[in-house]
Every structure is written in structure tokens, then in C-alpha cells.
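Here's the structure, in C-alpha cells; my notes come after.
In the working numbering, the protein residues as written are 3 to 199.
So this is what it looks like as C-alpha cells:
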């Protein structure tokens, strides 16, 4: 994002903090798609991503008075969103532990929603994408956040460090470890079953 857009976001955030709902609605409009994409990759689930994004905007509105205009609004909002996604993940793990339930897998939902399969290539592409999404969602939260901010959002390691509250070197290490884990997991999944035995 350019500094002009940041300044505009900051001005909107200050107006919203003063009670201007239209200014906050404009901030939501500007950031909702990028935030959803980040959370979709972070959670691995479209519904969880939508809910986490909604929770992030509600939380941002409620603490807007504490927003530091010296910090980019988008980075501040992503910090809140990642924390909301982590909280949702912890609550889901506790529910699964207590009640033994599991969410409907996206592939299962697709089977119900569309019994007529698309062409083989589309199915294979979707399966690979789902494997990648699941592998990313299974990463430890710190590694996942660093990877998503840099590789998928195109943020610099310095920007990611500011969002996550860690050093640039820590981001670099986390991204390296995340990529290594992903490569190992995807290699194991894609290896023919004879190699796995």
C-alpha cells in the first residue's frame, strides 16, 4: 500500500474513532477482501475466515480509540485478525477435545453441493489447492502468520515483523521453517502410495 493510501486510512481511522460510522464503513470496504484472503489461508476454512474477519472488524471498532495513527491501519487490523483467528482455533480444538466433533471438510461439502464432478483436471487442481490449504492451516500459528503475511500478502519481512511484534530475523526464520514443513508434508502426500509403505 502506498503512503498516500496509508495516510487516508489513518485519517479515516481518526474520524471513525470520533464516532464517524461512514469512515469506518469505508475502512471495512477497503480492507475486507485482503483480510478475508489472509484469514482464509490462515484458517483453511472459508466460514471460519469469514467469522474471524467479522470478529476482527467488531474488535477494531470497539478499540479504535487506542489505534496509533503512526502505525499503518492495515497492519494494525491484521494483528487483530490473526489474534481472532488464533482464538477461534483454540476454541475449536477445545470443542473437539470435549465433544469429539469434527467440522465438515471442504471436500465433503463440495461433494454434497455438486454431485456432478467437473473435468478431471479441475478436480486435481482443486485437490492440490485443498491439500495446500490444509497443510498451511496445520502449521503452528507463528509460522503460519509469518508465511501468509510475506508469501501470500506480499509484505516485506520488516512489515510482517511489525504486524507480529517480532524482529525481521525472526520472521525470516519462521518463513524458512514454514516452507520447509510445507514441502515435507506436501512431498509425503504427493508421493505414490508404494513409496509410503
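Beta carbons: idealized from backbone N, C-alpha and C, even for Gly.
In this text, all values refer to a predicted model and were calculated from it rather than measured experimentally.
Segment contact: the stretch 71 to 84 against the stretch 29 to 36, three or more CB-CB distances shorter than 8 angstroms; contact assigned.
Between the stretch 63 to 72 and the stretch 141 to 160 there are fewer than three C-beta pairs closer than 8 angstroms, too few to call the two in contact. Residue 46 carries a coil assignment under DSSP once its states are collapsed to helix, strand and coil. Here residue 154 has 43 as same chain residues with Cβ atoms under 6 angstroms from its own Cβ, once five neighbours each way along the sequence are excluded.
Residue 169 sits in coil when the DSSP states are folded into three classes, being neither helix nor strand.
No Cβ-Cβ contact shorter than 7 angstroms links residue 27 with residue 41. Proximity to residue 131 across 37, 19, 47 peaks at 47, based on C-alpha coordinates.
Excluding residues up to 5 positions away in sequence, 40, 43, 44 lie with their Cβ nearer than 7 angstroms to the Cβ of residue 150 in the same chain. Residue 152 places its beta carbon less than 7 angstroms from that of residue 162.
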